[in-house]
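In the working numbering, the protein residues as written are 1005 to 1356.
Structure first, commentary second.
Structure representation (structure tokens):
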């Protein structure tokens, strides 16, 4: 097989090593030349990639697109893998510009990507389809936010607030009026997500536009790694045993039929394809409730490789128009992270 050049955005994202590893460990023995991009220059992924470029943030849309297209042309990129949520809608809208260069984008589709990327719109779709979505509302003022929270049991129960469109744990807080702020200060790291209601009064006073407010779900959390095309569907729920800063540090695969069926229903309705994922959490009765969709390569999608399913490479083969033979899933697989790093000196770089 001839070498293929793949561009991966978000080379500073936590999942970059897993994405690159999935390419290296593809089941066809195919060789990839990997080009990384990020808006920051000094990111860990540059030491994994064969070439690296800085690009403007996607908020600077014209400059971002011009630079990304320039890199694609210079490097003769065949496939582009976006890893950042904020990029997805922009890339979907500008797809023809990349196709003119012969670049295929590993997007989860075009038609349903806006609904999939927006937590509130996704929950509305789920509710219409009969997929468990829990209690949720969209608030555009503190008064409406407070009213929704009360209807979900606050202040006696916890409620969750999240931005409609965000990446990872950005824009997520859990409101708990029983919070012991002294213990939180003394015992917890400053990344704790728990706050009290007054926190949001201040945010709305400062111009916060809107928030999704949801009932709190006390059970286990699941990520679902999915590959889908017209002929094949691979849906892999995995329980998140340990989560740090929104990243799965310990995760085990579980053949949860409710989650598989919910994911299949949503995928079909939203017309999602290639690589993407959902997240669910269990309620008080142990039933799964939808949290959100990641219509892109997920941060721990590399875990699927150890369940005998290379979801990311499935997506690339689909873009190339190649037949995908799906092996049997190893439902006993587990993936654990550890704190590693890269040492850099005049001789080069070494991963440890």
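All C-beta atoms in this analysis are idealised placements derived from N, C-alpha and C, irrespective of residue type, glycine included.
If you look at residue 1280, you'll find it isn't in any alpha helix (DSSP H); it sits in the beta strand (DSSP E) that goes 1278–1286.
Note: residue 1254 is bridge-paired with 1246, 1340 in the DSSP secondary-structure output. Across the set 1319, 1332, 1283, the C-alpha of 1319 shows the shortest separation from the C-alpha of residue 1277. Within the same chain, 1204, 1205, 1208 come within 7 Å of residue 1146 by CB-CB distance, once the 5 residues on both sides are set aside. When rounded, the separation of the alpha-carbon atoms in residue 1211 and residue 1178 is 20 Å. Burial state of residue 1086 is buried, judged by a 10 Å Cβ sphere holding 16 or more other Cβ atoms. Exposed is the label assigned to residue 1234, since fewer than 16 other Cβ atoms lie within 10 Å of its Cβ. Taking C-beta atoms as the reference points, residue 1245 and residue 1133 fail to come closer than 8 Å. Excluding its 5 nearest sequence neighbours in each direction, residue 1152 has C-beta neighbours in its own chain below 6 Å: 1141, 1143, 1217, listed in chain order. A check of alpha carbon separations from residue 1046 across 1063, 1128, 1017, 1070 identifies 1017 as the nearest. Look at residue 1312 here: in three-state DSSP terms it is coil, with no helix or strand label.
Relative to the Cα of residue 1283, the nearest Cα in the group 1310, 1056, 1173 belongs to 1173. Here the alpha carbons of residue 1224 and residue 1335 stand approximately 18 Å from one another.
Excluding its 5 nearest sequence neighbours in each direction, residue 1254 has C-beta neighbours in its own chain below 8 Å: 1244, 1245, 1246, 1338, 1339, 1340, 1341, listed in chain order. With respect to the 8 Å criterion, residue 1267 and residue 1230 are classified as neighbours on the basis of their beta carbons.
In the three-state scheme derived from DSSP, where H, G and I count as helix and E and B as strand, residue 1100 is classed as helix. Residue 1080 and residue 1262 have their alpha carbons spaced roughly 43 Å apart. By alpha-carbon distance to residue 1103, the top candidate from 1121, 1073, 1088 is 1073.
Boundaries of the beta strand (DSSP E) harbouring residue 1227: 1225–1232, taken from the DSSP string.
The three-state reading of DSSP puts residue 1038 in strand, counting E and B together. Judged by DSSP secondary structure, residue 1075 falls within the alpha helix (DSSP H) whose first and last residues are 1065–1079. Rounded to whole angstroms, the Cβ separation of residue 1162 and residue 1220 is 4 Å, and the two are in contact under 8 Å.
By the criterion of at least three beta-carbon pairs nearer than 8 Å, the stretch 1106–1122 is not in contact with the stretch 1326–1334. Taking C-beta atoms as the reference points, residue 1052 and residue 1082 fail to come closer than 8 Å.
Assigned with DSSP and collapsed to three states, residue 1317 falls in helix. Counting only the Cα atoms, residue 1059 lies some 17 Å from residue 1098. A residue is called buried once 16 or more other Cβ atoms fall within 10 Å of its Cβ, and residue 1189, having fewer, is exposed. Cβ neighbours of residue 1049 within its own chain (closer than 7 Å, five residues either side excluded): 1015, 1016, 1020, 1040, 1042. Sorting 1061, 1346, 1250, 1108 by C-alpha distance to the C-alpha of residue 1321 places 1108 at the top.
A residue is called buried when at least 16 other Cβ atoms come within 10 angstroms of its Cβ; residue 1138 meets this threshold and is buried.
Rounded to the nearest angstrom, the gap between the Cα atoms of residue 1044 and residue 1057 is 9 Å.
Under the three-state reduction of DSSP, residue 1307 is assigned to helix.
Of the candidates 1025, 1069, 1008, 1054, the residue whose Cα lies closest to the Cα of residue 1315 is 1025. Proximity to residue 1308 across 1256, 1155, 1350, 1326 peaks at 1256, based on C-alpha coordinates. Residue pairing of residue 1116 in beta bridges, as defined by DSSP: absent, with no partner found.
By the 16-neighbour rule on beta-carbons within 10 angstroms, residue 1158 is buried.
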